[in-house]
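Protein chains in written order, with the UniProt record's numbering: chain A, 1 to 122; chain B, 1 to 122. Data block below; observations after.
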DNA sequence: GCAATAACCGAAAAAAGATTCGGTATGCAG
DNA sequence: CTGCATACCGAATCTTTTTTCGGTTATTGC
């Protein structure tokens with residue numbers, strides 16, 4: 001985890017929420033955990049575009065911020081089994097997540113079009 | 001505007017939505033425009049923590065992605081008057097924005113607490 | 001013992017994103 | 001003409017975030 005050099009206005013609700021949802025993969029990780037993909041290695045396979053390291057780091061951040069909880073099922077099991085599950089705070093984010101996903105699926109084509117326009121100019 | 005070197009999965013709704021909402025100040029800018037703070041210089045004063053340059057750049061991105069529209073009221077007015085307003089696409093983001101803001105205001109204290117814990121360790 | 005899997009972590013490097021600074025151009029008020 | 005306000009833009013710089021890589025520890029199956 002790191003600390004920002006530049007201070008931000010923490011009285012704005014949007015900025016605060018973005019502390020939790022802002023990371024590149026945090027939304028996806030929360031989504032995965034919600035869908036039952038709860039173990040770090042599973043999440044990494046579920047989101048292959050993200051490096052394993054960033055998943056570890058963002059899990060740590062989500063844990064630190066209280067959005068997820070860590071539950072080591074069997075301390076002495078075969079491959080060490082760590083599971084993360086949503087905390088109450090994390091669950092309260094689900095409606096936002098659902099809305100974000102829904103919006104993206106509904107309006108994504110327009111966005112994709114614009115992005116591909118950009119890439120043509122290379 | 002820039003182009004990512006690394007390709008991303010554009011079939012995930014969350015990632016697509018984050019293309020629009022992901023920037024550090026994009027949510028705040030959309031919020032400002034929605035609240036009637038429509039001119040670049042006004043927005044810059046409204047969000048003094050952000051540099052003027054990044055506001056210009058993110059306005060350009062929001063414009064490019066179709067979330068806002070540019071309307072130069074008087075081409076030959078005293079200080080050049082440019083106004084941005086939400087497009088239909090931008091307006092469709094408002095419920096998400098409202099929810100994000102609401103969540104932050106409601107649960108922000110817990111987050112702020114954690115963040116200040118971090119800062120104490122300096 | 002040795003390979004495999006899982007969970008992590010540290011640190012360097014790369015990439016992305018934001019800031020600073022200086023510049024252009026316009027129009028007006030004095 | 002000068003000073004000021006607006007809207008922009010380019011480029012260097014700096015910060016933040018992500019990736020890459022190489023570790024550690026622990027347990028199981030062979």
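We put the CB at the ideal spot given by N, CA and C, even for glycine.
Quiz item: Using a Cβ-Cβ distance under 8 Å, would residue 56 of chain B count as near chain A?
Solution: Not one chain A Cβ lies under 8 Å of residue 56 of chain B.
Quiz item: Since residue 125 of chain A is in the beta strand (DSSP E), which residue starts that stretch and which ends it?
Solution: The structure shown does not extend to residue 125 of chain A, since chain A spans only 1 to 122, so no value can be given for it.
Practice problem: Give a yes or no on whether 8 Å exceeds the smallest Cβ distance from residue 105 of chain B to chain A. | Solution: yes
Practice problem: Please look up how many angstroms separate the CB atoms of residue 101 of chain A and residue 14 of chain B, rounded, as I've assumed it's under 8 Å. | Solution: 5 Å
Quiz item: Is any beta-carbon of chain B found at less than 8 Å from that of residue 60 of chain A?
Solution: no
Quiz item: What do you reckon, are the CB atoms on residue 40 of chain B and residue 61 of chain B nearer than 8 Å?
Solution: For residue 40 of chain B and residue 61 of chain B, no; Cβs fall outside 8 Å.
Practice problem: Use the C-beta contact count for residue 35 of chain B: other C-beta atoms within 10 angstroms, 16 or more gives buried, fewer gives exposed. | Solution: Taking all protein chains shown into account, residue 35 of chain B has fewer than 16 neighbouring C-beta atoms within 10 Å of its C-beta and is therefore exposed.
Self-check item: Inter-residue spacing [alpha-carbon to alpha-carbon] between residue 105 of chain A and residue 12 of chain B
Solution: 7 Å
Exercise. Kindly identify the DSSP beta-bridge partner or partners of residue 17 of chain A.
Key: Looking at the DSSP assignment, residue 17 of chain A forms no beta bridge with any residue, so it has no partner.
Self-check item: In DSSP terms, what residue 86 of chain B is bridged to
Solution: B:68
Quiz item: Would you say residue 16 of chain A faces chain B, with C-beta separation under 8 Å as the test?
Solution: yes
Quiz item: Just how far apart, CA to CA, sit residue 113 of chain A and residue 26 of chain A?
Solution: 25 Å
Quiz item: Got a sec? Which residues, its chain only, sit under 6 Å from residue 28 of chain B by beta carbon, not counting five neighbours each side?
Solution: Excluding residues within five positions, the ones whose Cβ falls inside 6 Å are 47.
Quiz item: In or out: residue 32 of chain A buried (at least 16 other Cβ within 10 Å) or exposed?
Solution: buried
Self-check item: Identity of the residue in B:70, B:66, B:81, B:71 nearest residue 88 of chain B by Cα
Solution: Comparing Cα positions, the closest option is B:66.
Self-check item: For residue 49 of chain B, three-class secondary structure by DSSP
Solution: coil
Quiz prompt | Closer than 9 Å at the beta carbon, the chain A residues around residue 92 of chain B | solution = 103, 106, 107
Quiz item: residue 52 of chain A CB to nearest chain B CB: under 8 Å?
Solution: no
Quiz item: Run through DSSP, which three-state label would residue 80 of chain A get?
Solution: It is coil, neither helix nor strand.
Practice problem: Could you tell me if residue 94 of chain B is buried or exposed, where buried requires 16 or more neighbouring beta carbons within 10 angstroms of its beta carbon? | Solution: exposed
Quiz item: Using a C-beta cutoff of 8 Å, does residue 32 of chain A count as contacting chain B?
Solution: no
Self-check item: Counted within 10 angstroms of its Cβ, other Cβ atoms place residue 19 of chain B as buried (16 or more) or exposed
Solution: buried
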